[in-house]
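Asks: This is the structure I have questions about; it appears just below.
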Amino acid sequence: MLKLPVYLDNNATTPMDPRVLEAMIPYFTEHFGNAASRNHPFGWEAESAVDYAREQIAQLIGADPKEIIFTSGATEGDNLGIKGVFEMYAAKGNHIITATTEHKAVLDTCKHLEKLGADVTYLEVKEDGLIDLAELEAAIKPTTILISIMYANNEIGVIQPVKEISAIAKRHGVLFFTDATQAVGKIPVDVIADGIDLLTFTAHKMYGPKGIGALYVRRKNPRVKVTAQMDGGGHERGMRSGTLNVPGIVGFGKACELCRLDMAEDTKRISALRDKLETALLKVEEAYVNGNREHRLPHVANISFKHVEGEGLLMGFNKNIALSSGSACTSASLEPSYVLKALGLGDDLAHSSLRFGLGRFTTEEQIDYTVEQITNTVNKLRDMSPLWEMYKEGIDLNSIEWAHH
Amino acid sequence: MAYSEKVIDHYSNPKNVGTLDKSKKTVGTGLVGAPECGDVMRLQIEVDDATGMITDAKFKTFGCGSAIASSSLATEWLKGKTVDQAVAIDNMDIVEELNLPPVKIHCSVLAEDAIKAAINDYRKKNGLEELVFEEKGVH
Numbered sequence: 012m013l014k015l016p017v018y019l020d021n022n023a024t025t026p027m028d029p030r031v032l033e034a035m036i037p038y039f040t041e042h043f044g045n046a047a048s049r050n051h052p053f054g055w056e057a058e059s060a061v062d063y064a065r066e067q068i069a070q071l072i073g074a075d076p077k078e079i080i081f082t083s084g085a086t087e088g089d090n091l092g093i094k095g096v097f098e099m100y101a102a103k104g105n106h107i108i109t110a111t112t113e114h115k116a117v118l119d120t121c122k123h124l125e126k127l128g129a130d131v132t133y134l135e136v137k138e139d140g141l142i143d144l145a146e147l148e149a150a151i152k153p154t155t156i157l158i159s160i161m162y163a164n165n166e167i168g169v170i171q172p173v174k175e176i177s178a179i180a181k182r183h184g185v186l187f188f189t190d191a192t193q194a195v196g197k198i199p200v201d202v203i204a205d206g207i208d209l210l211t212f213t214a215h216k217m218y219g220p221k222g223i224g225a226l227y228v229r230r231k232n233p234r235v236k237v238t239a240q241m242d243g244g245g246h247e248r249g250m251r252s253g254t255l256n257v258p259g260i261v262g263f264g265k266a267c268e269l270c271r272l273d274m275a276e277d278t279k280r281i282s283a284l285r286d287k288l289e290t291a292l293l294k295v296e297e298a299y300v301n302g303n304r305e306h307r308l309p310h311v312a313n314i315s316f317k318h319v320e321g322e323g324l325l326m327g328f329n330k331n332i333a334l335s336s337g338s339a340c341t342s343a344s345l346e347p348s349y350v351l352k353a354l355g356l357g358d359d360l361a362h363s364s365l366r367f368g369l370g371r372f373t374t375e376e377q378i379d380y381t382v383e384q385i386t387n388t389v390n391k392l393r394d395m396s397p398l399w400e401m402y403k404e405g406i407d408l409n410s411i412e413w414a415h416h
Numbered sequence: 032m033a034y035s036e037k038v039i040d041h042y043s044n045p046k047n048v049g050t051l052d053k054s055k056k057t058v059g060t061g062l063v064g065a066p067e068c069g070d071v072m073r074l075q076i077e078v079d080d081a082t083g084m085i086t087d088a089k090f091k092t093f094g095c096g097s098a099i100a101s102s103s104l105a106t107e108w109l110k111g112k113t114v115d116q117a118v119a120i121d122n123m124d125i126v127e128e129l130n131l132p133p134v135k136i137h138c139s140v141l142a143e144d145a146i147k148a149a150i151n152d153y154r155k156k157n158g159l160e161e162l163v164f165e166e167k168g169v170h
């Protein structure tokens, strides 16, 4: 029997794997020690659990355990990585290069730094969501200290050419930071092979607990340092003070281990389901995939259904299917997704989009149900859409003078 | 965001979805909003020349559940009213009836605008002066 509601919003957060929870439980009660307590068994136990998790986490991304700095999540990692480099390398320059489709945690951090004297270049992306490498290289100046480009996008799943970006960064002696929140645990990420200097990720996007993440900070070739943004006891090699969240770290470690061991199989199964979903939904008239389909996370699909509005569409089934839309009809600004707009999509198409994020626990039955529900709702809403009627009558919607608010 | 039961009901069972023949002199059509804003409403009325009574009303809406509900409700209210009575429909009446939250008030304003645009279209077709309405300026 199909259990409702169906969860297809795994880019927002993932359910925790029961195996992760099991690993965490003893660290709430029995092994509650502070990992910084150096002189009794409670502290030693906590410390050794953290050390073990740090290895599990480092192994997933090909890093050395010493290069893992624990944070509260990816937003903190974005802040620490970017602000920390800006402060640490102030003598070298103040120029940062990023892209318009980055997560708000990166964009707003850059905006904040602009107020403090940073010079930030926001690269436009191509219509498939990828950055233009020539444009990136051309943007580098003598004052450039950091390139911050995400590994994979949270809305469209597009994977940036990370290896090529890091090669450009290296050639110009610029550090490369990447927000890999959506990528780590889903596709192979290797900080050595990929040439990454700093990388942020978080447990709750990979079947681990919320409230724990990590910033990878390279120690060799080159040795990278960030200025702490949180002062205190000097934890995490002085880069991030604060008592370690031991149960969270243990869960994060377990989640990383599971992702590493299950990745090949999970990816095969999930991408087959994603392709099935996408193929079926593209049979709906005037449905389009947003973003590059080849360089894309295996579990993500972002599809626009022309002439129906995303929030109205969600309402048709959101009691039974959890999804996101690029329409931001509820926000005060009424602005649709800036990521979809950055692809050059008209606001109307951005308003008409749905984001599907499949996951480890998605089943074929759920996909079949979703296809049926969405197809029915799109058809129903098109029957009451004046735009669909005009489109069917062959009226060019751009020829109409709309009353803009 | 949780929708009120009335919004859900209008969304699930919209009243008066459809199209009237806009070439008829007795039909007034109002098309308001813009695709880029995520809301387009088309509201039509058919008026009995002799009595000034609105005998039929239809809508089609591209938009969120609240926009669909606002226009569906508007068509229900329009039927059986005279044009003069219809002019008096205020967006806040729609807000109240549907329990729209503040972020959705613009949907009700759009519905009111659509009613007024339909009435003016009807007046224009019949050689009457178009009414001038105050801007609500909520958008």
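Same order as they appear, the protein sequences are chains A and B. For the first sequence, the tail end lands on 416 under the working numbering, and the numbers increase by one without skipping. For the second sequence, the tail end lands on 170 under the working numbering, and the numbers increase by one without skipping. C-beta atoms are modelled at their ideal positions from N, C-alpha and C, and glycine is treated no differently.
Name the chain A residues that come within less than 9 Å of B:V114, Cβ to Cβ?
Replies: Under the 9 Å cutoff, chain A gives no residues; its nearest Cβ is about 22 Å from B:V114.
Asks: Find the residues of chain A that neighbour B:L62, judging by a C-beta separation of less than 9 Å, and give them in chain order.
Replies: In chain order: P397, I411, W413, A414.
Asks: Looking only at its chain, what residues have a beta carbon closer than 8 Å to the beta carbon of A:N90, apart from the 5 residues adjacent to it on each side?
Replies: Counting only Cβ-Cβ distances below 8 Å, and skipping sequence neighbours, we find A116, T120, Q240.
Asks: Residues of chain B with CB closer than 8 Å to the CB of A:L408, please, in chain order.
Replies: Within 8 Å Cβ-Cβ: P66.
Asks: Quick check on A:H51: does DSSP put it in helix, strand or coil?
Replies: Note: A:H51 maps to coil in three-state DSSP.
Asks: In angstroms with no decimal places, state the Cα-to-Cα distance between B:K55 and A:L354.
Replies: About 43 Å.
Asks: Only counting the same chain, and skipping five residues up and downstream in sequence, which positions put a Cβ closer than 6 Å to that of B:V71?
Replies: The residues are G64, F93.
Asks: Which of the three DSSP states is assigned to A:A150 in this structure?
Replies: In this structure, A:A150 counts as helix in the three-state DSSP scheme.
Asks: Find the residues of chain A that neighbour B:T106, judging by a C-beta separation of less than 9 Å, and give them in chain order.
Replies: Per Cβ cutoff of 9 Å: no residues; B:T106 is ~11 Å from chain A at best.
Asks: Residues of chain B with a CB under 8 Å from the CB of A:D394: which are they?
Replies: V48, listed in chain order.
Asks: B:G94 versus chain A: which residues are under 7 Å apart at the beta carbon?
Replies: Within 7 Å Cβ-Cβ: E320, G323.
Asks: In terms of residues, what are the limits of the alpha helix (DSSP H) holding B:H41?
Replies: Segment 36-43, the alpha helix (DSSP H) holding B:H41.
Asks: Near A:L369, which residues of its chain fall below 7 Å by C-beta distance, leaving aside the five closest residues on each side in sequence?
Replies: Hits under 7 Å: L19, N21, I281, L284, R285, H310.
Asks: Would you say B:Y153 reaches chain A, if we count a Cβ-Cβ gap shorter than 9 Å as a contact?
Replies: Output row for B:Y153: interface = no.
Asks: Can you list, in chain order, the stretches of the beta strand (DSSP E) that have 3 or more residues and sit fully within the stretch 93-136 of chain A?
Replies: Fully enclosed beta strand (DSSP E) runs of 3 or longer: 106-110, 130-134.
Asks: When you compare each of A:L288, A:S335, A:S83 to A:T374 by their alpha carbons, which one comes out closest?
Replies: If we check each option's Cα against that of A:T374, A:L288 comes out closest.
Asks: Could you say if the stretch 51-62 of chain A and the stretch 231-246 of chain A meet the contact criterion of at least three C-beta pairs nearer than 8 Å?
Replies: No, the stretch 51-62 of chain A does not touch the stretch 231-246 of chain A.
Asks: Report yes if the CB atom of A:G259 is closer than 9 Å to the CB atom of A:P220, and no otherwise.
Replies: Yes, these two residues count as a Cβ contact at 9 Å.
Asks: Considering only C-alpha positions, which residue in the set A:M217, A:N164, A:H318 is nearest to A:N277?
Replies: The question names Asn, yet the displayed sequence has Asp at residue 277 of chain A. When each option's Cα is compared against that of A:D277, the closest is A:M217.
Asks: According to the neighbour-count rule (16 or more other Cβ atoms, all chains shown, within 10 Å of its Cβ), is A:S59 buried or exposed?
Replies: Classification for A:S59: exposed.
Asks: Residues in the same chain with beta-carbon distance under 6 Å from B:Y42, minus the five sequence neighbours each way, listed in chain order, please.
Replies: Excluding residues within five positions, the ones whose Cβ falls inside 6 Å are G96, I99, A100.
Asks: Looking only at its own chain, which residues have a Cβ that is under 8 Å from the Cβ of A:A333, when we skip the five neighbours before and after it?
Replies: Cβ within range, chain order: P16, V17, Y18, L19, D20.
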